[in-house]
């Protein structure tokens, strides 16, 4: 056998579909062998890292085997003076951060569950956290990728320098592709310096319109927060967390100036809590200024989820997360449908990341769907990689 | 490098193109076509069959469909400032100029984006936004002339991309006309549209995937404060050490540019800046909030001194700052003052390799007897060695081209890239094999085949050999022109 394999169990299922086998390659060469084997035997393959986003997408239309990246956990190369790090796909984010931290650096991405979330999974699902406000998302940090294609071909794109326009940008093509174009085996990233200081302020009890106004005021005042998140309370009012990071003087000056801009600004280092793992999770995307309209669309979803439902909004980005248990399945489906259609009509989206109820995860086909389908066909002509899971059944 | 001439297009066909864009915007007279034979890489030339200048997405669609029907390849072009021959025409083909599409369509300051046509000049955007205190970050040195469409094609960088990223980090969406005449919308002002990141695939694809007819750009609020300083050093070793110390101190300068002695001499000769004769100089911007900048400027100054700076100058006012930057940004043209001809190179190396690679470049200079000036974006290891030569001296042009090629190979061996911002184009296609395997290139070709299966968009660029798109992609298949001995392999 090209790599360790074992029979699949219920724990290996992807959206309820259990694979017959699980392969665990431990090198790029073994990845290529597993993929070539899959091509030879026409296996429908899924991929799994830390499984933190395994609920994303539609159930696969079939699954013969899962390729798990659990034995691909090495940091391949790290040159602190170049601020570039290359890691195998199965490396948990926390391990990368610990390595970088020892040199006063960080990979500037902070999705939930860094102990479990692997870097390959973060690339494949486009994971992010509140620091995206300043540093962008994984597509802005990735500089190289090793992609093992459906036929076992090992392809590299990008490289290990930050600035590089040679050839097509395969690293970006890999980002958010949910394992439908190939197996991401390794990836390289630019790092950032760890900030010397960090401080968070909280503004409590804002309306949606006040959240938008506060963000506007901060921008006018040329403040440069690294994270801005509005968390909706049970009564519909928002708590706004604003984090500044950088050199000490700059951070404290910005905290003072935020205090001058708005009333009731309190320091609150405990604001950034990891989101609870909930049975239902969805993301909404719209323009930042549309929060009042988004709030009205989200409210019925929260009502259907019932007690414990949460909504948080990255206020400078226009991206929100909904999470909770499901109290009323029918009401949830209806509210998701209504919210989605209104969001899509104004150029946004609603993506269901996890749901105990059968819901369309992606929504209507994107305008460029035909081109996406063409790309999928070129990379995976037999439609064996995560079949049916991605947008429009790709 | 002059491509063979192709037979002229029939009057009837030219008339049909003229019907689409108007006779005034359809250029087919040989003496007028000459203007369009090359971009800023003037050593690569080819005469297009005709030049069409459409004014709308609809006209682009009609032009593409007609070109396709006539079996003519299409090369898109902005201002023609590209340095890799990316906009060099295919002999006898259609050159599709986007300079008439220069409207700003929409500005949304509150959500920090704007929608523009591809012919809008890079610098015009920041000028337009300046009164409101916003700007567009990528600032290639040609920004007074180059277009956003060209920036999208090349994924242009610039001095300030060290902190702020490249064109691809600032393009939120694009409307693109594909080679079959269909219109696709990639991304948009709202983040995270479901589906593949086709916008990421398109930006930097050098006109080989389609013609961009609208671009949604991210715009930024101006930072509260910017400090510029100019530090001189005995040699590039000390200057490079200063860069390392500054980066290691956790400072991300907005820009940090290095110039060596010969580059300084050239810039002085061309612009009249009163820079001293020194072995190397750094021009640096730090920006951010006032208190942050106060700290980073002081710290960077101290570290430069620690590294052995001779002198540190701070501009007295905005005008002097602009003069300093104009000096740096005019470096390529300035070299024209001290040499009849020169080759601009665009290699990238890991920052830690700078000193070593500069010594190797010096050795190439010694071995060939050619002078090599160095200006580069020191923060991200993007070198622009300028190899000086005189075309009038027999053999010197070839020698310079070979020296420039050797520099690229050194960059790749050091773990870097053959191009940081100028693109592969026609110039560096033959070096792609230094960096990428046949499998890597075949995989990139899958992307091209998805967008442009018939290879009518800017054929002959980026890839070292023509490639086909079979119905079933697989291992590399040689193009008939190659097996027939008409095309070489780089």
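Protein chains in written order, with our numbering: chain A, 93 to 486; chain Y, 77 to 566.
We put the CB at the ideal spot given by N, CA and C, even for glycine.
Per-residue DSSP class, three states only, for residue i
i, result
"residue 408 (chain A)", "coil"
"residue 96 (chain Y)", "helix"
"residue 534 (chain Y)", "coil"
"residue 268 (chain Y)", "coil"
"residue 157 (chain Y)", "coil"
"residue 197 (chain Y)", "strand"
"residue 522 (chain Y)", "helix"
"residue 208 (chain Y)", "helix"
"residue 430 (chain Y)", "helix"
"residue 300 (chain Y)", "coil"
"residue 399 (chain A)", "coil"
"residue 263 (chain A)", "helix"
"residue 327 (chain Y)", "coil"
"residue 297 (chain A)", "strand"
"residue 222 (chain Y)", "coil"
"residue 239 (chain A)", "strand"
"residue 229 (chain Y)", "helix"
"residue 306 (chain A)", "helix"
"residue 451 (chain Y)", "strand"
"residue 245 (chain A)", "coil"
Spatially closest choice to residue i from the options, by CA coordinates
i, options, result
"residue 205 (chain A)", "A:147, A:175, A:219, A:235", "A:219"
"residue 295 (chain A)", "A:271, A:265, A:330", "A:330"
"residue 160 (chain A)", "A:427, A:140, A:252, A:150", "A:140"
"residue 176 (chain Y)", "Y:309, Y:136, Y:430", "Y:136"
"residue 357 (chain Y)", "Y:338, Y:348, Y:347, Y:366", "Y:338"
"residue 123 (chain Y)", "Y:132, Y:103, Y:138", "Y:103"
"residue 199 (chain Y)", "Y:90, Y:509, Y:155", "Y:155"
"residue 373 (chain A)", "A:114, A:445, A:311", "A:445"
"residue 225 (chain A)", "A:441, A:400, A:102, A:318", "A:318"
"residue 440 (chain Y)", "Y:478, Y:513, Y:257", "Y:478"
"residue 178 (chain Y)", "Y:133, Y:164, Y:206", "Y:133"
"residue 257 (chain A)", "Y:248, Y:240, Y:233", "Y:233"
"residue 221 (chain Y)", "Y:298, Y:278, Y:406", "Y:406"
"residue 408 (chain Y)", "Y:524, Y:257, Y:340", "Y:340"
"residue 459 (chain A)", "Y:466, Y:490, Y:297, Y:262", "Y:262"
First through last residue of the beta strand (DSSP E) which encompasses residue i
i, result
"residue 291 (chain Y)", "287-294"
"residue 331 (chain A)", "330-338"
"residue 281 (chain A)", "275-282"
"residue 343 (chain Y)", "First-last for residue 343 (chain Y): 337-347, but that is the alpha helix (DSSP H), not the beta strand (DSSP E)."
"residue 240 (chain Y)", "Not the beta strand (DSSP E): residue 240 (chain Y) falls in the alpha helix (DSSP H), residues 237-240."
"residue 261 (chain Y)", "259-263"
"residue 321 (chain A)", "319-324"
"residue 568 (chain Y)", "Because residue 568 (chain Y) is not part of the residues shown, which for chain Y are 77 to 566, the question remains open."
"residue 166 (chain A)", "No beta strand (DSSP E) holds residue 166 (chain A); DSSP gives it neither H nor E."
"residue 138 (chain A)", "137-140"
"residue 442 (chain A)", "441-446"
Where the alpha helix (DSSP H) containing residue i begins and where it ends
i, result
"residue 227 (chain A)", "224-227"
"residue 401 (chain Y)", "394-405"
"residue 388 (chain Y)", "Per DSSP, residue 388 (chain Y) belongs to no alpha helix (DSSP H); it is in the beta strand (DSSP E), 387-389."
"residue 215 (chain A)", "211-217"
"residue 486 (chain Y)", "472-489"
CB of residue i within 8 Å of CB of residue j, strictly
i, j, result
"residue 192 (chain Y)", "residue 180 (chain Y)", "yes"
"residue 362 (chain Y)", "residue 329 (chain Y)", "yes"
"residue 423 (chain Y)", "residue 332 (chain Y)", "no"
"residue 476 (chain Y)", "residue 419 (chain Y)", "yes"
"residue 581 (chain Y)", "residue 434 (chain Y)", "Only positions 77 to 566 of chain Y appear in the structure, and residue 581 (chain Y) is not among them; the question remains open."
"residue 277 (chain A)", "residue 238 (chain A)", "yes"
"residue 498 (chain Y)", "residue 174 (chain Y)", "no"
"residue 456 (chain A)", "residue 148 (chain A)", "no"
"residue 177 (chain A)", "residue 281 (chain A)", "yes"
"residue 190 (chain Y)", "residue 259 (chain Y)", "no"
"residue 437 (chain Y)", "residue 417 (chain Y)", "no"
"residue 351 (chain A)", "residue 368 (chain Y)", "no"
"residue 335 (chain A)", "residue 290 (chain A)", "yes"
"residue 161 (chain Y)", "residue 230 (chain Y)", "no"
Distance between beta carbons of residue j and residue i, contact taken as under 8 Å
i, j, result
"residue 224 (chain Y)", "residue 252 (chain Y)", "Going by Cβ atoms, the distance from residue 224 (chain Y) to residue 252 (chain Y) rounds to 14 Å, so no, they are not a contact pair."
"residue 163 (chain A)", "residue 183 (chain A)", "No, residue 163 (chain A) and residue 183 (chain A) are not in contact; Cβ-Cβ is about 11 Å, not under 8 Å."
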